[in-house]
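So the structure is just underneath, and the comments pick up after that.
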Amino acid sequence: MLTNLQQQPADALLALIKLHNADPRADKIDLGVGVYRTGEGDTPVFRSIKAAEAKLVAEQDSKAYLGPEGDMGFVEALMPYVFGKDSPDMGGRIEGMQTPGGTGSLRLALAMVKRAGYQRIIVGTPSWPNHAQICADLDLGVVEFNHALPSGHPDMDAVRAAITGAQEGDAILLHGCCHNPTGIDYTNEQWDEIAQRIADAKILPILDLAYQGLGMGMEEDAYGLRRVLVAMPEALICYSCDKNFGLYRDRVGALYAMVSDPADLAKVMSNGHNLARANWSQPPDHGGAAVRLILEDEALTAQWLAELDEMRDRMRQVRAKLAASGTAGAVDLTPMGGQNGLFSIVPLSKDQVLEMREKHGIYMAGSGRINVAGLTMGNIDKFIAAVADVTA
Ligand code: LMR
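Here the sequence shown stands for residues 579 to 970, numbered as in this note's numbering.
Laid out in structure tokens, this is it:
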């Protein structure tokens, strides 16, 4: 019977990791999967995480189960950063649970909306491919709208039309900041408008915040999410610490639900707990515990925030250098200067992306997405020359 299964393609993005590793060229460049890299091309463990891990090893006295919600100290310690220090639980309307990474959080959020009777998810495209993949696995319909214009700005007409065309039983999935894969975020004024329109249309927002702090700053990157929440009675928030704490393979995330009446929270969250139990039972503890130890300690928190500033500054420098280059062959690099986070799209065809890889040893996603953190002052000129070459 198992032979009835159809062959599935390897995940195109994750497959790039192996392809890059197997490439013997010394000057190859990995612009594929979204991990931060230093100016030397490394992805080190944060110093604040190392310190928290040392503390964890010394102090943790049990590894007994915690329950499907995971480490609630971790979940609650994050809330002031996500929802604001003034009222992190919006007057008792928000509760969360720990999940294995942002993907675990999205999986639970989408399974919850499915269970609640939602049928379609409205998503701006291109989007992170796993969004559509999870929806397909849960048999949720996806309604796409165009996220960005070639000028490098959000396509506001498209998002307006998508919201106006929404039906009862629709939810909308929005990237909180550092849009993956385009790096093109809504301005604060655009968020104000979107929040109002979603509220008027009475559709459920699912906010995916996987890169907080990598765009403009921790507070700035939360603007859109917070703006949507104040306008809405209900929302789901999918959070990842994998990038902003550099915990990638440790899988650290959280799902938060916001309801209008605090009396409904326990019922809503019981669905998250029950779905977690059916999927992974309980989230892995280590990374979340390390984050909690950082957030419980003022000095470690300051160190973590300084490390995040360093990352953001470096990515800004790379973006400034790309933008200052003007054009590379047929490609205008200037919009990348104003984009946010790890990603931008280089408008290349599939064949040109392949040529970048085969001829120049430069690995990027098939969509033309690059991880700008893979560029350094040492390899950026090679990248620009290669784009010029394949588009000549
Ligand atoms: C990415 O888009 O590169 C990251 O979110 C990593 C992943 O899991 O795809």
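For glycine and all other residues, C-beta sits at the position ideal for the given N, C-alpha and C.
- Annotated three-state conformation of I699 is strand, per DSSP.
- For N708, the enclosing alpha helix (DSSP H) starts and ends at P707 to D715.
- For V623, the CB stays at least 7 Å from every heavy atom of ligand 1.
- Distances between the C-beta of W882 and the heavy atoms of ligand 1 are all 7 Å or more.
- Taking C-alpha positions only, D799 is separated from E933 by approximately 35 Å.
- The alpha carbon of M794 has as its nearest neighbour, out of Q881, Y764, Q585 and Q774, the alpha carbon of Y764.
- Look at D910 here: in three-state DSSP terms it is strand.
- Going down the chain, each residue whose beta-carbon is closer than 5 Å to a heavy atom of ligand 1 shows up: V611 and G612.
- Contact fails between the segment 639–656 and the segment 612–622, because fewer than three Cβ pairs, one in each stretch, are under 8 Å apart.
- Between I962 and S945, the C-beta spacing is not below 8 Å.
- Out of A744, Y659, N766 and D735, the CA that lies nearest to the CA of G719 is found in A744.
- Distance from the CA of P678 to the CA of D664, rounded to the nearest whole angstrom, comes to 28 Å.
- Taking a C-beta distance under 8 Å as the contact criterion, G610 and A943 qualify as a contact pair.
- Per DSSP, the continuous alpha helix (DSSP H) segment holding Y801 begins and ends at Y801 to A809.
- Sixteen is the threshold: since fewer than 16 other Cβ atoms of the shown chains lie within 10 Å of the Cβ of G695, the residue is exposed.
- As DSSP reads the structure, M836 sits in a beta bridge with I672 and A813.
- In summary, S848 is exposed, with fewer than 16 beta-carbon neighbours lying within 10 Å of its beta-carbon over all protein chains present.
- A direct Cα-to-Cα measurement between R890 and L792 gives close to 5 Å.
- Per DSSP, S640 has no beta-bridge partner at all.
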